[in-house]
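As structure tokens, the structure follows; a few thoughts come after it.
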Amino acid sequence: MANLLLLSHSQLAESIYETVKLIMGKPSDSVSYITLPYGQDLQAYQAEIEAHVEKAKDEGILILTDLFGGSPFMISVKTFDKYHDTVPIEIISGMNLPMVVELVNAISQSRSLNELKEIALNAGINGIVDFKAKLNA
Numbered sequence: 001m002a003n004l005l006l007l008s009h010s011q012l013a014e015s016i017y018e019t020v021k022l023i024m025g026k027p028s029d030s031v032s033y034i035t036l037p038y039g040q041d042l043q044a045y046q047a048e049i050e051a052h053v054e055k056a057k058d059e060g061i062l063i064l065t066d067l068f069g070g071s072p073f074m075i076s077v078k079t080f081d082k083y084h085d086t087v088p089i090e091i092i093s094g095m096n097l098p099m100v101v102e103l104v105n106a107i108s109q110s111r112s113l114n115e116l117k118e119i120a121l122n123a124g125i126n127g128i129v130d131f132k133a134k135l136n137a
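Following this line, the structure appears as structure tokens:
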């Protein structure tokens, strides 16, 4: 079973995790999050991420970040550079709640890392809806 790691500035990753837990029940242990509070040491943050990646060496890991180019994303890229030859790893930025809900459901069905990546991209985009356009469709 592939792993899912949610990364964000401040408490967003934790809030998304807790919201998914409220909606769907506690996710499997393969789903986790790491927050980046203001002023946290970035080397310590990277070490936390690397520990999660190392634990996922057999199954692989999908990392979701809140913002392309932000610190969680950039540290994920450094981690990717360090581990991509030994650990199956994918990174997607722009994490949102619909994306994570779909991924938690897919992980419970033991989907592959590549399937999870596609599910994340589709759910993230399809979770953004223009109500008036939908109403008039």
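Here the sequence shown is numbered in full-length UniProt numbering, starting from 1 and rising by one per residue.
The beta-carbon is built from N, C-alpha and C at its ideal position, and this holds for glycine as well.
Requested in this report: Look up V104 in the DSSP assignment and say whether it is helix, strand or coil.
Outcome: helix
Query raised in the report: Alpha carbon to alpha carbon, what distance is there between A51 and F131?
Result: 41 angstroms
Query raised in the report: Within 10 angstroms of its Cβ, does P37 collect 16 or more other Cβ (buried), or is it exposed?
Result: exposed
Report task. Thinking I91 and F80 are a contact (beta carbons under 8 angstroms), I'd like their distance in whole angstroms, please. Result -> 6 angstroms
Report task. Go ahead and pull the three-state DSSP assignment for S15. Result -> helix
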